[in-house]
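Here the structure is laid out as structure tokens; the discussion comes afterwards.
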Amino acid sequence: MTAQILDGKATAAEIKAELKERVSALREKGIVPGLGTILVGDDPGSQWYVAGKHRDCAEVGIASIRRDLPADISQAELEAVVEELNADPDCTGFIVQLPLPGHLDTDAILELVDPAKDADGLHPTNLGRLVLNVNRPITSPLPCTPRGVIELMLRHGIDIRGKDVVVVGRGVTVGRSIGALLTRREYNATVTLTHTGTHDLDEHLRRADIIVAAAGVAGLVTADNVKPGAVVLDVGVSRVEDPVTGKSVVAGDVAPEVAEVAAWVSPNPGGVGPMTRALLLQNVVESAERELA
Ligand SMILES: Nc1nc(=O)c2c([nH]1)NC[C@@H]1CN(c3ccc(C(=O)N[C@@H](CCC(=O)O)C(=O)O)cc3)C=[N+]21
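See the structure below:
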């Protein structure tokens, strides 16, 4: 038995096709959703991610607004660019690509983003709304990766309700907010958040119905630690040296042999990454739709 694949690439394509329709409907009413990106410095990885976001926008008809800034930009200068996009009516949502260079105050920058335009869904106001609204519909942007993880399962017919979900990693973009989403009444999962201080991680993993591996530790989840029939989502990304070629390659948190035990696994790449990007676009479209309402 080998696990079925949670195909993030195909599912993201499906979501993008739906968003394209919603963007057309908005355009007919005179609203053009626009995604802004703020990129500081010339890290090739970050440049590649940002380029991908603009390609995605073109695909669904969202306008792109791009601000590429020098690595030595000052806090005040960067804050001015954030304020500019906050005020720009053509920009319905935007992101500040992370990480920022060390001399900049990341928290202060992220807090300056207008919560209504927060395409990442990581503004303190939006995270606060997510925590406070357990039962009512949420009408503010949601964090893209947690939402992408859930959407990937739902669109493969996986029932989350009542399931034991074990999340590995307490990072801001995934671990710390995914529990707030999964424990909403609409999903009704039971969530355990594990991290580097957890005693006996293996024990937690072995009883999980669903594992969300977001630690950024290559191969952390092994076949020995997965219950037969579990659903395993590989969110982590780290760079490791390929033992054969010696080249630096991207590795996920889930060892390949897990596919022999699990019922479902998300590949990495091709799993949660494309979903994150699709849900970013959805946040931008939803912000534009709220503007119309
Ligand atoms: N403000 C901000 N928001 C972010 O959402 C954000 C960020 N900063 N900084 C960096 C991380 C990383 N991240 C990825 C998203 C998609 C893929 C993705 O689509 N990867 C593809 C291709 C991977 C490859 O081939 O290298 C895949 O998984 O199939 C990867 C990484 C968003 N991030």
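All residue numbers for the sequence shown refer to this note's numbering, where the first residue is 1 and numbers rise by one. In this text, a Cβ means the ideal position worked out from N, Cα and C, and glycines have one as well.
Every beta strand (DSSP E) stretch that sits fully inside the stretch 240–273 and reaches 3 residues is listed by chain position as 248–251.
For residue 105, same chain residues with a beta-carbon under 7 Å away, outside a window of 5 residues either side, are 75 in chain order. Nearest Cα to residue 148 within the set 13, 293, 278 and 1: 278.
In the displayed model, residue 235 falls within coil according to three-state DSSP, outside both helix and strand. The closest heavy atom of ligand 1 lies 7 Å or more from the beta carbon of residue 106. Assignment of residue 64 by DSSP, reduced to helix, strand and coil, places it in the strand class. Judged by beta-carbon spacing, residue 237 lies within the 8 Å limit of residue 216, meaning their Cβ atoms are closer than that value. By the criterion of a C-beta distance shorter than 7 Å, residue 12 is surrounded in its chain by 274, 275, 277 and 278, once the five residues flanking it on both sides are discounted. Around residue 255, the same chain offers 219 and 222 as residues with beta carbons nearer than 6 Å, after the five sequence neighbours per side are excluded. Relative to ligand 1, the beta carbon of residue 98 is positioned inside 7 Å of a heavy atom. Counting only runs that start and end inside the stretch 92–169, the beta strand (DSSP E) elements of at least 3 residues fall at 93–96 and 164–168.
When secondary structure is reduced to three states using DSSP, residue 198 falls in the coil class, being assigned neither helix nor strand. Fewer than three beta-carbon pairs drawn from the stretch 124–134 and the stretch 283–291 are found closer than 8 Å, and the two stretches are therefore not classed as touching.
With respect to the C-alpha of residue 162, the residue from 30, 225 and 192 having the closest C-alpha is 192. Apart from sequence neighbours up to five positions away, the residues of its chain that approach residue 201 with a beta-carbon distance below 6 Å are 194, ordered along the chain. Within the same chain, Cβ atoms closer than 7 Å to the Cβ of residue 41 are found at 71 and 101, the five residues on either side in sequence being excluded.
Between ligand 1 and the CB of residue 276, the shortest heavy atom gap is smaller than 7 Å. Look at residue 269: its beta carbon is less than 7 Å from one of the heavy atoms in ligand 1. Checking the DSSP bridge columns, you'll see residue 47 has no partner listed. Proximity to residue 134 across 233, 284 and 182 peaks at 182, based on C-alpha coordinates.
For the pair residue 190 and residue 166, the Cα-to-Cα distance works out to about 8 Å.
Secondary structure note for residue 87: it is in no beta strand (DSSP E), and the uninterrupted alpha helix (DSSP H) holding it is 75–87. The bridge partners DSSP lists for residue 13 come to none. Here residue 92 is buried, its C-beta having at least 16 other C-beta atoms within 10 Å.
According to DSSP, residue pairing for residue 34 in a beta bridge involves 63. DSSP places residue 180 in the uninterrupted alpha helix (DSSP H) bounded by 175–182.
Non-local beta-carbon contacts of residue 156 in its own chain, meaning distances under 6 Å to residues more than five positions away in sequence, involve 6 in chain order.
Distance from residue 226 to residue 262 at the Cβ level is roughly 5 Å; contact confirmed, criterion being Cβ atoms closer than 8 Å. Remark: C-beta atoms of residue 23 and residue 37 do not approach each other more closely than 8 Å. Pairing residue 86 with residue 34, the inter-Cα distance amounts to about 12 Å. Shown here, residue 292 sits in a helix according to DSSP, grouped into three states.
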